[in-house]
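Worksheet for the structure shown next.
Numbering (our numbering), first residue to last: 2 to 273.
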């Protein structure tokens, strides 16, 4: 059986076969920053805070609203790191949550943050370099369609690289040491096959989010040049909740991809 398909099937089974435990590990943590946004800036969740109305006076965020957004972002990062480490440890070490929150593993979370930052810096550097190349090429050829195609390819390529070096994340979560080079070499034999799950997960997420916009968009106000119309969508609360659920599942599936690759390629576990 093709490794990519086998990997994708294992990832889906890992998440949806343990959905109750996944909710216990991650859902309360995910709700904390959302709760902060609801209390301070409910329009941010639906998109209403960013809707453009040329006839309305220009309003700026109040000081308290801005503090709420910054607090939600900070809390969101901490909760994501906490949840990610707990998920990796659940799958690889069978560490189940025993209370409302998963166990706090300070040193593992700190190392996970450091490794995430390292991956982020690498992705930023690659994205910046290739982004400049795409911009120059697009200016020379003057083709908007080519520019969009190349940007999609860049995003997909960065996701592939991040997956190749991302095994350092589950390693940090369980207290093991793994370098960027080691992760890259470990994924080399399956470098082509991992394209399938990366593509399918991204495509499924995009289709679901676009379907939510089509079904639950209340307004789609556009900027004067109509270029950012897609970013000016305001969702109903039902659409917002569905969008958050899709985001949550996508986060779990991406974590499962890293966890599964680590278990298979580093620890020698078999795929289902």
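Don't be surprised by glycine CBs; every beta carbon is placed ideally from N, CA and C.
Consult DSSP for residue i and reduce its assignment to one of helix, strand or coil.
{"i": "residue 183", "result": "helix"}
{"i": "residue 272", "result": "coil"}
{"i": "residue 236", "result": "strand"}
{"i": "residue 104", "result": "coil"}
{"i": "residue 16", "result": "helix"}
{"i": "residue 59", "result": "Low local confidence applies: a pLDDT of 47 at residue 59 is under 50, so the model's placement there is unreliable, with the coordinate-based value given in what follows. Residue 59: coil per DSSP, three-state reduction."}
Pull up the distance between the alpha-carbon of residue i and that of residue j, whole angstroms please.
{"i": "residue 59", "j": "residue 66", "result": "Bear in mind that the predicted position of residue 59 carries a pLDDT of just 47, short of 50, making it unreliable; the figure below should be weighed with that in mind. Their Cα atoms are separated by approximately 16 Å."}
{"i": "residue 131", "j": "residue 124", "result": "10 Å"}
{"i": "residue 136", "j": "residue 155", "result": "12 Å"}
{"i": "residue 98", "j": "residue 22", "result": "8 Å"}
{"i": "residue 20", "j": "residue 145", "result": "42 Å"}
{"i": "residue 213", "j": "residue 16", "result": "22 Å"}
{"i": "residue 266", "j": "residue 95", "result": "18 Å"}
{"i": "residue 179", "j": "residue 218", "result": "44 Å"}
{"i": "residue 57", "j": "residue 70", "result": "Note that residue 57 scores a pLDDT of 48, beneath 50, so its modelled location is shaky; the value from the coordinates is reported in the next line. The straight-line gap from Cα to Cα measures roughly 23 Å."}
{"i": "residue 204", "j": "residue 41", "result": "33 Å"}
{"i": "residue 269", "j": "residue 186", "result": "15 Å"}
{"i": "residue 166", "j": "residue 159", "result": "11 Å"}
{"i": "residue 231", "j": "residue 264", "result": "Here residue 231 scores only 45 on pLDDT, less than 50, and its place in the model is too uncertain to base an answer on."}
{"i": "residue 107", "j": "residue 100", "result": "17 Å"}
{"i": "residue 133", "j": "residue 10", "result": "37 Å"}
{"i": "residue 122", "j": "residue 87", "result": "24 Å"}
{"i": "residue 192", "j": "residue 39", "result": "42 Å"}
Terminal residues of the continuous beta strand (DSSP E) containing residue i?
{"i": "residue 191", "result": "First-last for residue 191: undefined, no H or E at that position."}
If I follow the unbroken alpha helix (DSSP H) through residue i, where does it start and stop?
{"i": "residue 153", "result": "145-166"}
{"i": "residue 266", "result": "Residue 266 -> no alpha helix (DSSP H), and no H or E assigned at all."}
{"i": "residue 171", "result": "169-174"}
Is residue j closer than 9 Å to residue i when the C-beta atoms are compared?
{"i": "residue 208", "j": "residue 161", "result": "no"}
{"i": "residue 184", "j": "residue 202", "result": "no"}
{"i": "residue 119", "j": "residue 174", "result": "no"}
{"i": "residue 102", "j": "residue 32", "result": "no"}
{"i": "residue 109", "j": "residue 18", "result": "no"}
{"i": "residue 8", "j": "residue 261", "result": "yes"}
{"i": "residue 4", "j": "residue 194", "result": "yes"}
{"i": "residue 117", "j": "residue 74", "result": "no"}
{"i": "residue 37", "j": "residue 76", "result": "yes"}
{"i": "residue 258", "j": "residue 198", "result": "yes"}
{"i": "residue 114", "j": "residue 72", "result": "no"}
{"i": "residue 200", "j": "residue 150", "result": "no"}
{"i": "residue 28", "j": "residue 249", "result": "yes"}
{"i": "residue 240", "j": "residue 216", "result": "yes"}
Under the assumption that residue i contacts residue j (Cβ atoms under 8 Å), give the Cβ distance between them as a whole number of angstroms.
{"i": "residue 256", "j": "residue 85", "result": "6 Å"}
{"i": "residue 139", "j": "residue 147", "result": "6 Å"}
{"i": "residue 210", "j": "residue 234", "result": "Contact flag wrong, Cβ pair sits at about 10 Å."}
{"i": "residue 273", "j": "residue 89", "result": "The pair is not a contact, with the Cβ atoms about 18 Å apart (cut-off 8 Å)."}
{"i": "residue 26", "j": "residue 91", "result": "6 Å"}
{"i": "residue 34", "j": "residue 80", "result": "6 Å"}
{"i": "residue 206", "j": "residue 143", "result": "Contact doesn't hold; Cβ gap of about 31 Å is too wide."}
{"i": "residue 236", "j": "residue 244", "result": "6 Å"}
Counting only beta-carbon separations shorter than 9 Å, does residue i have a partner in chain C?
{"i": "residue 34", "result": "Looking at the structure shown, chain C is missing, and only one protein chain is on hand."}
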